[in-house]
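Following: one structure in structure tokens, then a few remarks.
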Amino acid sequence: MATEHNWTTKITKSAKITKTAITKDLRVLRAFVSFVIFVIFALVAQAFRPAFAQSPTYGVGRPPSAEQLKAIDIDVLPDGTGLPHGGGNAVTGKQVYTQKCLTCHGPTGKEGPQENLTGGRGSLATPKPVKSVGSYWPYATTLFDYIRRAMPFDHPGTLGTDDVYSVAAYVLFLNDVVKENDELNETTLPKIMMPNRNGFVADPRPDVPANKGNHDDAKPRRKQP
Amino acid sequence: MRGMQPEHFSTASRSRRWFLSLGAAWGAAIAACRSKPDAPAPTEARVIGAPVSPYGSRSKFETSKRYFSTDTKVPLEEASSRTPLHDTYGIITPSSLHFERHHSGVPEIDPATHTLTIHGLVDRPLVFTVDEIKRLPSVSRIHFVECSGNSSSEWRSSGANDLQRAHGLTSCSEWTGVPLSLLLKECGVKPEGTWILAEGADPGRHDRSIPMSKAMDDCLVAYGQNGEPIRPEQGYPFRLLVPGFEGNMNVKWLRRVKVLDRPAMTREETSKYTDLMPDGTARQFTFYMEAKSLITRPSAGDTMRGPGFYEVTGLAWSGHGAITKVEITTDGGQTWTPAQLQTPILPKAHTRFRFAWNWDGKDALLASRATDESGYTQPPIPALTEVRGFNSNYHNNGIQVWKVSADGGVTNGNRA
């Protein structure tokens with residue numbers, strides 16, 4: 000029995016030792032695993048950094064008030080985002096045009112002296128292309144944006160919302176894009192399909208192979224004097 | 000001890016001899032001066048110069064200026080003026096001679112009331128005063144700005160009589176400002192923010208869309224130009240600098256940056272700064288100004304004073320990075336020889352090149368061509384028009400040829 004007991008004690012002792020060792024190993028393993036998880040998390044967080052809201056570094060500047068933003072947020076996007084509430088048609092637009100635009104753009108938008116607004120449909124691939132609102136501009140929203148932004152040249156910012164819709168309607172009417180009584184507003188304007196809507200391509204440059212035309216490249220180079 | 004004596008003596012003697020010979024030389028020199036028969040007597044009366052002054056100006060003998068035509072239907076508020084590149088040295092354009100292109104005149108902006116608003120697809124829209132922009136970490140970098148319409152006179156023919164009129168819509172400055180990326184990060188760009196719209200405070204609110212990748216790369220909100228506050232014509236109190244991209248994207252008098260998930264399709268990026276191709280389609284968002292070089296001296300309008308040595312010099316630059324090579328031909332493109340590049344050779348900056356030339360007094364066709372770090376080499380103009388036709392003349396980075404005639408006259412040799 001004594002022998003057996005001794006043996007059991009030995010076993011227990013050895014098991015205790017083993018258990019201690021395993022516990023120690025586990026602790027190391029756990030620390031290692033949590034470190035790996037931390038590293039993985041850090042890498043993932045880094046990779047998706049823009050997805051996490053970052054806090055400001057310098058704390059300089061202040062949020063704009065709603066009124067401040069409204070006063071300067073003037074851009075109009077092709078889907079109509081940014082268009083103000085209002086409207087007008089070419090009939091009223093003709094009056095605005097005659098008063099504010101005609102001296103620079105001429106009675107029908109092509110007499111000048113300033114930029115040509117009408118005509119030129121089908122001319123873009125000819126040796127004498129005419130780039131007008133009707134022949135070239137891809138979005139009607141851009142016309143509204145630009146008139147409101149920058150026209151009339153010497154008094155930008157003086158046209159009311161309805162005047163901008165009206166005069167845009169008149170220019171589009173002169174280009175046979177809308178009818179005289181078509182009402183342009185924040186709903187109808189973005190729906191207009193401009194004739195040259197699909198006329199634009201991405202920049203393919205470099206489009207001229209290097210040294211094309213420099214036929215002499217193979218010739219021996221002259222020594223610099 | 001005795002052994003050292005001669006050595007000491009010898010040293011002293013050598014020193015003395017040296018001293019004596021020096022004295023003799025001086026004596027001879029003085030005698031030579033005195034004996035010069037036509038030595039000018041110091042009798043010329045001199046008037047003391049001007050006193051110190053609070054703000055410097057150039058010598059009254061220097062008259063170089065920007066060129067613009069008044070013989071045009073285009074209002075001068077919407078016109079351009081051109082840098083006299085043939086009169087500039089090194090790589091920096093004096094701020095007073097930096098080219099101009101405005102869309103509704105130069106506004107007078109009080110920096111005490113001007114602000115920059117960043118909003119749109121951001122976590123925190125922010126308004127910055129001019130003082131606040133200047134408080135933030137700044138950088139200074141040298142970059143060129145070139146109008147996409149530069150050199151358009153040369154697209155179809157030898158259109159212009161001199162370098163300034165043909166190619167003066169490029170200039171290079173040291174710009175100081177806050178990286179746009181810093182400001183955008185301060186506002187926290189949302190993941191869907193892929194473009195920005197930059198807008199000026201000029202009366203016409205000039206605006207352009209710029210990809211977020213570029214905005215986050217090397218754009219600056221620049222308030223300094225060549226060590227002084229940016230000039231009103233260049234966007235005072237600050238402008239956007241979009242290094243290497245066409246001039247009109249470098250929005251002056253910057254007042255607003257809106258983060259968008261698509262381009263805004265402004266008038267400038269649809270109907271104006273697009274490149275119409277022979278098939279009737281137009282290239283849009285043609286941002287980069289490709290590698291280009293110009294010989295600035297000698298150039299059309301100069302007169303050669305007889306055969307002999309002339310330093311040929313000029314400027315090269317690329318919107319795609321640094322210039323790696325400029326080659327010169329004096330025989331109309333038969334042979335090309337590398338020019339010397341003057342350091343610093345900086346990315347997206349004018350780089351000065353030099354080439355020693357012994358002119359034999361005969362007719363010569365002079366030209367330069369640049370290669371940039373992308374490996375792209377500046378092509379001849381006909382190679383460009385062959386691909387792009389004649390319906391648009393933007394982005395002309397073709398090789399400019401100057402014709403040097405035996406009589407010493409230098410003219411535009413693009414169709415020579």
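Residue numbers (numbering that gives the first Met the number 0), protein chains in the order written: chain G, 0 to 224; chain R, 0 to 415.
C-beta: ideal position from N, C-alpha, C; glycine also.
- Between G246/R and E145/R, the C-beta spacing is below 7 Å.
- Every alpha helix (DSSP H) of 4 residues or more that sits fully in the region 24-112 of chain G is shown, in chain order, as 65-71, 89-99 and 101-104.
- For the region 345-366 of chain R, the beta-carbon criterion of a distance under 8 Å to any beta-carbon of chain G is satisfied by F354, A355, W356 and N357.
- Going by C-alpha positions, L239/R is about 48 Å away from V46/R.
- Taking F244/R as reference, the option from R230/R, W252/R and E268/R with the minimal CA-CA separation is E268/R.
- For the pair of segments examined, the region 99-107 of chain G was found not to touch the region 143-159 of chain R: the number of CB pairs separated by less than 8 Å stays below three.
- The residues H102 and S103, in chain order, have a CB closer than 8 Å to that of G203/R in the same chain once the five nearest residues on each side in sequence are set aside.
- The Cβ-Cβ distance between R351/R and E310/R does not fall below 7 Å.
- Under the three-state reduction of DSSP, D362/R is assigned to coil, being neither helix nor strand.
- V163/G: member of the alpha helix (DSSP H) spanning T160 to L173, first to last residue.
- Around the beta carbon of Q224/R, 16 or more other beta carbons sit within 10 angstroms, so the residue counts as buried.
- Nearest in C-alpha terms to A363/R, of all of A338/R, N395/R and G332/R, is G332/R.
- Separation of F31/G and V177/R (C-alpha to C-alpha, rounded to the nearest whole angstrom) is 43 Å.
- For a cut-off of 8 Å, the C-beta gap from V126/R to G199/R is around 16 Å, too long to register as a contact.
- The residue among P343/R, A366/R, S317/R and W316/R with its C-alpha nearest the C-alpha of W335/R is A366/R.
- At a beta-carbon threshold of 8 Å, none of the residues of chain R lie near R196/G; the nearest stands roughly 10 Å away.
- Using a CB distance cut-off of 7 Å, R414/R does not count as an interface residue toward chain G.
- Of A201/G, K178/G and V207/G, the smallest CA-CA separation from Q283/R is found for A201/G.
- One Cα belongs to R230/R, the other to I294/R, and the distance between them is close to 28 Å.
- Using a Cβ-Cβ cut-off of 7 Å, F284/R counts as an interface residue toward chain G, since at least one Cβ of chain G sits closer than that to its own.
- Neighbours of D74/G across chain R, judged by C-beta separation under 8 Å: L196, E198, D206, K257, A263 and T265.
- Along the length of the region 110-198 of chain R, whole alpha helix (DSSP H) runs at least 4 residues long occupy 129-134, 162-166 and 179-186, reported in chain order.
- The beta-carbon of G104/R is placed no less than 7 Å from the nearest beta-carbon of chain G.
- Between the alpha carbons of K190/G and G320/R lies a distance of about 42 Å.
- Counted as a single uninterrupted DSSP element, the stretch harbouring D260/R is not any beta strand (DSSP E), since DSSP gives it neither H nor E.
- Contact annotation: in the region 152-176 of chain R, no residue has its CB less than 7 Å from a CB in chain G.
- The three-state secondary structure of L345/R, taken from DSSP, is coil.
- H154/G is classed as exposed because its beta carbon has fewer than 16 other beta carbons within 10 Å across all chains shown.
- Per the C-alpha coordinates, the member of R120/G, P126/G, L142/G and K69/G positioned closest to N184/G is L142/G.
- In terms of Cα proximity to V138/R, the closest of D217/R, V129/R and G412/R is D217/R.
- Looking from the CA of I209/R, the closest CA among D122/R, G192/R, W174/R and F308/R belongs to G192/R.
- The region 254-265 of chain R and the region 167-177 of chain R do not touch, with fewer than 3 CB-CB distances between them shorter than 8 Å.
- Only residues of its own chain outside the window of five on either side were considered, and among them N115, T117 and G118 have a CB closer than 6 Å to the CB of K109/G, listed in chain order.
- DSSP places R147/G inside the alpha helix (DSSP H), whose first and last residues are A139 to A149.
- Proximity of chain G to N390/R at the Cβ level (cut-off 7 Å) is accounted for by P128, in chain order.
- Taken in chain order, the whole beta strand (DSSP E) runs of length 3 or more contained in the region 209-297 of chain R are 219-224, 238-240, 253-259, 281-283 and 291-296.
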